[in-house]
Structures are given as C-alpha cells and as structure tokens.
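Residue numbers (the working numbering), protein chains in the order written: chain A, 1 to 327; chain B, 1001 to 1180; chain C, 2001 to 2305.
What follows is a short report on a single structure.
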Amino acid sequence: MVMEIVCPAGTPASLRAAVKAGAHTVYCGFADETNARNFPGLNFDRDEIRDGIAFAHDHGAKVLVAINTFPRAGAEPLWHRALADAESAGADAVILADLGLLAHAAQHHPNLRRHLSVQAAAANADMINFYARAFGVKRVVLPRVLSVQEITAINAETEVETEVFVFGGLCVMAEGRCMLSSYATGQSPNMNGVCSPASHVDYHDEAGALSARLGGYTIHQVAAGEPAPYPTLCKGCFQAGEKTGHLFEDPVSLNAETLIPQLAEAGVTALKIEGRQRSRAYVAKVVRNFRAAVDAQAAGLPMPEGMLASLTEGQAATAGAYKKTWR
Amino acid sequence: MSSQSVHLPLFPRLPALALRWVPVTPLSMALAGFARHLAQRHPGMFRRLGRYDQTRFVLDPTDLPISILLEPRGGKPRLYLSRRKLRGDARIAGPLAGLLGMVHGTYDGDALFFSRDLLIEGDTAAVLALRNAIDDAELDLSAEAQAMSGPFAAQVKRLIALAEARTGVALSRHEEIDGW
Amino acid sequence: MKLTVGPNQFFWKPEEWSAFYTALAEAPVERVVLGELVCSKRLPFYQDRIPAAIEALQGAGKAVAVTSLALITLKRERKLSAELIEAGVEVEINDLTMLAYLPEGAGFSVGPLVNVYNDSTLSWLAGRGATSICLPPELPLDSVERLAHLGRDLGVAIEVWGHGRVPLAISGRCYHARLHGHSKDNCRFACEDDPDGLKLATLEGQDFLAINGVQTLSDSFACADHQIERLRETGVTRVRLSPHSGDFAAVCALYRARIDGQIERGAVAGALKTMQPGIPLSDGFLTGTRGAEWSGDSARTSSTT
C-alpha cells in the first residue's frame, strides 16, 4: 500500500499547489488562534476552506483541519465554532490536541473523524490507546522524539493509525508542552498558536554580520555569508558552563526521506510534511519529491535521490530522532 | 548533513547602470498605475495583509540603483520609486530576481532568507504577512502588464519574454512544479 | 490559602534529598508532592528513601502525594508509572499517560505539566476524579480566575505556581548530557552538579534559562509575592512552592507569613534577595506581557498592579 502523504497548506494557493503536486491529503487551519500556525497573512477563512476542500475532493485528495491549540478559558466558543465549521465545510478529519476539545468533539460531532495532534505529545502506546478509548481518536501524529524502533513498538500495541513527520521544522521539546516562547515574548504555541513570533523578532545587520533577537534576547549571530536560520528559541546559540553553541539543537531541519522504507516497515500509515508557513513553491516541490518517493517505495523501487537541501532551514538536514542518535 | 544555496541571477550591469541616469518619475507613475490595477484584480491579497495593510514596505533590489516604497493603504496601494534611500516600517532587500521570483512562486522566501539572499529589517511580522498575501495571490506580473496594455499587449508580452530570456529574472508566473 | 511544596525538579545527592524532607516536615506548609518528575534514571538513587520521607511528612500532619514523570516514553517508565497507582498515596499526574492506569473513579491530583487551559478540560478531569489541579505556569490571571471559579463549583482545589524556577519545557533529549558530550543513555549523571539547574545565557551574556537534564526552566525564580491578594480574590486556594537548595523551610515560612498577613507585599521578594543576592525574580505569566517580567520592578512607582 502507498503511504499517505500529508501536506501543509497555509493558503488556498498552497492547497491547490499541494493537490496538483500529488498530495494525498492536505492539512490547513482557520485564520485565528485555533490552530498552531497562527501567523500573519496565513490560513483560511470559512469560504476559502469550503472552496479548498471542494477543490481537493474534486482531485481525489482529502483535507484535514488543524484545530490544535488549547482553547483559552472563557473563549471556548471560538474553538467550538471552528469544529462545527470544519464539519459543515466537509473536512475529512480534524486534528485536535486539547482534552476538553476532544471531549466536546466526541460528544457534539461524533461523525467527524478525530486525529490526535502532535501538540498532545502522545509518545507511548498506553496514552494513544487511552485517547482512542476515551474520545474515539482514529489517528495519532507522533512526537518527533521517537526512533523508528520505538515507532514499530507503538504500532504493535495499538490499532490507532500513526502519522509521522518526515520533512520540515523540528521541535526538540515535547510539543504542546513548551512555554519557552511565552516566557520570552508572551505568545505561546499552546495559547496563541505561535512559537517565537515574527512580531517579536528583530534582525540587525552590521557589516554583513546578522544578529537576531527575540523579545530582546539574542538568539543567534551569524557572520556574513553564513546561512541564517529563523530565530526559533530552542535552535538558538547560547552559553552555559564553559560551552557556547547550539545547546538545545542545531538549526537543522528534518529530512527523513531516506527512512521511508523503514517507516513503512514500522507500520506507519501517513507521512507528514511540516511547513504551513512556507510558500506554495516550497510545498509543491517537497510534495512532488515525497510523492515520488512513496510511489517508488510501494513499487519496490529504490528511493529517488534527495533534492530538497536548499529548502531546509540553515540548509542542513538531519534524520532527527528516527536514527536514535539522541540517545 | 548537506548544504546547497540558491543561485540567483543578477540583473545585468549595463541596464542597471542606465537606471542611474534615466528619469525615474515616468517609471514611478507607471508603477503607481500598475499598483492600482493589481488592487482591483486582487482584493483578497490586501485583505490577507490584515492589520499590516497600512505598513510601509521598502523593496530594495540590491542589483539596481533604485528602491521602491510600497504602501498597501488598505487596498488603495501606492508604489513610489526613487534613487534615494527610502524609509519605511519594513525593508526587504535582495537581487531583483529573488524579489520577483518570490512573487511568481519561483522561489521560496524562507529559503532565500535562510541562505542570506534576502535581507529583512524592521517589522518582521509585516514582511511575513506581505509574503503570504503575495504568495496566495498567484500573481503573474507579466500577464497583469499585458492586461493593462490594451492594444500593445502582444508587444509587451514579447518584450517581457525577451527580458526574461536575457536576464534570467522570472518576470512571469510559472507553474510551481516546473519552477525548480 | 494553603501552601503546597511541589516535587523537587533537580537531581540531589540522596543524603541531601532526605535532609530536605526532614526539614520540610517542620515547615509551615500543608501539602507536599514528592518523587521523580524529570528523569527516570535518577530514581534508583533515592527511591528507597521515599517511604520514610512520606511517613515523616504525614506524621507532621501534611497531606502527601507522589508525582508521575513529566514525560513517559520507555517501557520501563510505563511499568513504573502503572505501579505508582498502587503506592497507597495520592498520585499527582504530570503526564496524561497516567489516565490509562488510573482506575475509573479513583481520586488523583493534576500537576502543572498537564495542559489545563479551559473549562471543558477542567470539567472532564474533575469528572474523571481530579480533586486538585495545579494550573500550567503560563496561564494569565484572567484564565486563572475563570478556572478557579469553576474549580470551586466542581469541588476541585485550584493551585498556581508561586515560587521557584519555572518549568518551561520537557524534551526527549538530555541537554546536560549534550553539553558534556555524552549520549543520553550514557549521560554519567551530568546533572548532579547543578542542584538548581545550570544557568544558560545569551551570546551577549544575558541570563535567560536554566537546563536540568531533559527539562528547561526559567533562569528567574517565579515569585507570587505581588499577587497573593489577587490570587486569593480569584478563588485560588493553594500556592505551589518549588524546591531549591538553600534554606527552603525559611522560604516556606516567608510565604506563610505573607499569606497570613504578617508581612507586607514585597517583603518576600526583599527577603529572597537578601538570602540569595542577585536572584532574578519573575511573575510575568500571571500579570505581565511575558513570563520573564517582574512586577517588583514597577511596584515602587505603581501601587495598583
């Protein structure tokens, strides 16, 4: 069976580009704090999501709507409306993280398929099975901290489909459980759907040397000509003890292209590409590449040569935790 | 780990030098008309800017001796071209090929920024909003120029194709799939 | 308002661990949560001391709970976590995996590392048996107020993070091990030399965060000194103090005196600064524009905050 490619769409144009490039499934969100990519100029209004879903369905692709932040106390109707509107627009599933929102969805939208967002950080089979029992979750997006071996073990212990990230940005912290951004800027992934928000970024170029600050904290400085990653907090350059460097994670992005056969072997259902904040050019190129790779995998052919290096952050890529080098 | 950078064509030096001498006022006026035309055809692009629809953007093609001030003004945009250094709330600088290639979906803005082909100063969130709004609009500046050229559309098209071939700068939209 | 002492987040030598809880038995706090929160590899070093500590604390009239790990992944950790239910003491869950093990109807408490942001989540947990909830540290006062009201209606005690370096992130990766060039599996317990975590500064030398194995904390110590009255008004019934090295019983006594009205607003912060010169304080998650902010900086010019 061909593994499902799940592709990001930050705008209707990206959605169409992804579908045309061969995406089996596209995920997107509403233009508000109900989703974890609440960036300026990004996402869909109600009409756009309806049209986007219709376009995808016409081309045989599915659309998942991410409603994966944690509803703010007192503002839950905003998230509840997002659920209802996703269902009436014809979404194939919603991607949720909050316990209360899952409970609400299971009760009020029983026929709307529920996926567990990576923001729920479900990193073991017991937790995944709990979500399946309690809220009828059909698929889980696994945190980017597991090795292929661990993913294999999880699939052996659960009926819930697993979806894993194969390309794009890489969170090193357990997702949905990180408050670094709100400590430095007041804006958090959980509450506001943004991490290290652009509104708090300040670039300063001095004779070609670029220094990037977030909320007044210097996150990194790069010399002229060196690649410049976005100043995401956990990818910054810091000092502790006697050491100076990328103490949490190098500014690399994930590319598990070459691990597709192992992930298939591990029982993974779907491969997810990160990057709703990236352009339609990026989406089209990555999708085309991965679609070719899973088609080759299903046909028993060797993996096509990678050609995505120039798209990655800081222009270096890693296979992340999948190869277990973190341990 | 692997590393690879984007190779952007630079605007040829001779015509770039010419821009130092030719009067910019007619060009600036033509651009202003072009901006009004775009606003009529792509209202969604300005809606997408949201709270940044009053931000003043300086677009600075580093291989040309001019820079451009873009004021979206809530859907009544103004474009102003100058040889002086312009001031705004946010500045995007890079080779013209990069700036236009981003508009046409030929290049990914993030990738150009990571590789230092683009430089961003000032209100980063506004730049992000502009980038996303333009990306969604699927603009084709060449088609737009033809559309407003009336009886001269065919000539404009030929001229643009010639310029595109000579400079390597993406002056029109190509399908995302083929752009790379 | 009552005081809860949360689980020690750091890796202390076994004797120091025991001495801490012996001293804590005499401290003016009502509730203590202990056990290993951050890293399962630390537990064998002091596991056998836990029963005696529980006994001493209960003997001193304190309510005691044991914490789960903050991030349960390995098979060994899952087994350990399932067994925690049978410990005969209240369990504080800090990873939702625990819900898979808790029998329906069994009471439990919820720690600050579980995402409780809204009414639905609080209600669902209350229905599942939660008797108290320590809210995530990043919640602003508006959210705290709303959830405290709901908690009162549902009979769930609502607690907020009141003192100590703030837990900001948990990871599958160990930053102490990475810093020392070791792998996580062969970490050589690099975190044991930093009883309050290891300070992390920006390239320009600005203090920012602290690392503690797989956990990342704020460099600043949260301090609810300036918020006690407002927290009380919102219906918060407990304030959590997170263990640090030094005379922690004295820190507990300061907050007790502040809550009981024996010392004035600002006195806790002042005393902390005397006890630990240069200690950075913060309370920005509750009332500021960002977590790192400290309302003590503006307290002298404004009395309405």
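Idealized CB from N, CA, C, for every residue including glycine.
Contacts of residue i in chain B (Cβ-Cβ under 7 Å)
i	result
residue 201 of chain A	1124
residue 10 of chain A	1132
Minimum Cβ-Cβ distance from residue i to chain A less than 8 Å
i	result
residue 2171 of chain C	yes
residue 1050 of chain B	yes
residue 1066 of chain B	no
residue 2269 of chain C	no
residue 2132 of chain C	no
residue 1133 of chain B	yes
residue 2108 of chain C	no
residue 1001 of chain B	Unreliable placement is indicated for residue 1001 of chain B, whose pLDDT of 33 sits below 50; the coordinate value is still reported in the next sentence. Judged by the 8 Å Cβ criterion, residue 1001 of chain B is in contact with chain A.
residue 2093 of chain C	no
residue 2022 of chain C	no
residue 2010 of chain C	no
Residue i in three-state terms, based on DSSP
i	result
residue 230 of chain A	coil
residue 2101 of chain C	coil
residue 2025 of chain C	coil
residue 321 of chain A	helix
residue 20 of chain A	helix
residue 1124 of chain B	helix
residue 2161 of chain C	strand
residue 217 of chain A	strand
residue 275 of chain A	coil
residue 2087 of chain C	helix
residue 2030 of chain C	coil
residue 2060 of chain C	coil
residue 51 of chain A	helix
residue 1180 of chain B	With a pLDDT of only 37 at residue 1180 of chain B, under 50, the local geometry of the prediction cannot be trusted, and no value is derived from it.
residue 2238 of chain C	strand
Partner residues on chain A for residue i, Cβ-Cβ distance less than 7 Å
i	result
residue 2202 of chain C	217, 218 and 238
residue 1119 of chain B	205
Nearest neighbour of residue i, chosen from the options [CA to CA]
i	options	result
residue 1129 of chain B	B:1096, B:1079, B:1142 and B:1110	B:1110
residue 2258 of chain C	C:2132, C:2149, C:2247 and C:2239	C:2239
residue 224 of chain A	B:1095, B:1041, B:1173 and B:1114	B:1114
residue 195 of chain A	A:88, A:171 and A:217	A:171
residue 2222 of chain C	C:2272, C:2058 and C:2099	C:2272
residue 113 of chain A	A:64, A:291, A:212 and A:209	A:64
residue 122 of chain A	A:103, A:165, A:78 and A:175	A:175
residue 2062 of chain C	C:2005, C:2290 and C:2260	C:2005
residue 2294 of chain C	C:2274, C:2276 and C:2266	C:2266
residue 41 of chain A	A:33, A:57, A:11 and A:21	A:11
residue 5 of chain A	A:154, A:181, A:71 and A:141	A:141
residue 2132 of chain C	C:2140, C:2166, C:2091 and C:2101	C:2091
Residue i: contacting residues in chain C (beta-carbon distance under 8 Å)
i	result
residue 173 of chain A	2169, 2170, 2171 and 2216
Interface flag, residue i vs chain C, CB-CB below 8 Å
i	result
residue 126 of chain A	yes
residue 195 of chain A	no
residue 142 of chain A	no
Where residue i meets chain B, residues with beta-carbon distance less than 8 Å
i	result
residue 334 of chain A	Here chain A has residues from 1 to 327 only, and residue 334 of chain A is not among them.
residue 198 of chain A	1124, 1125, 1127 and 1128
Amino acids of chain A, ordered along the chain, whose beta-carbon sits closer than 8 Å to that of residue i
i	result
residue 2291 of chain C	179, 182, 183, 184 and 186
residue 2137 of chain C	179
residue 2179 of chain C	240, 241, 243 and 247
residue 1088 of chain B	Within 8 Å Cβ-Cβ: nothing; residue 1088 of chain B doesn't reach chain A, min ~15 Å.
Any C-beta of chain B under 8 Å from that of residue i
i	result
residue 328 of chain A	As displayed, chain A neither begins before 1 nor continues past 327, which places residue 328 of chain A out of reach and without an answer.
residue 42 of chain A	yes
residue 304 of chain A	no
residue 260 of chain A	no
Bridge partners - residue i, DSSP secondary structure assignment
i	result
residue 2108 of chain C	C:2130
residue 62 of chain A	A:25
residue 204 of chain A	A:211
residue 2191 of chain C	Residue 2191 of chain C is not bridged to any residue.
residue 163 of chain A	A:141 and A:270
residue 115 of chain A	A:95 and A:139
residue 1091 of chain B	B:1058 and B:1121
residue 168 of chain A	A:254
residue 1951 of chain C	Missing from the structure shown is residue 1951 of chain C; chain C here goes from 2001 to 2305 and no further.
residue 2223 of chain C	C:2163
Contacts that residue i makes with chain A (C-beta to C-beta distance below 9 Å)
i	result
residue 1105 of chain B	13, 17, 279, 280, 281 and 284
residue 1170 of chain B	Simply none; closest approach about 11 Å.
Chain-ordered chain C contacts of residue i [CB-CB under 9 Å]
i	result
residue 71 of chain A	2117, 2118, 2119, 2120 and 2121
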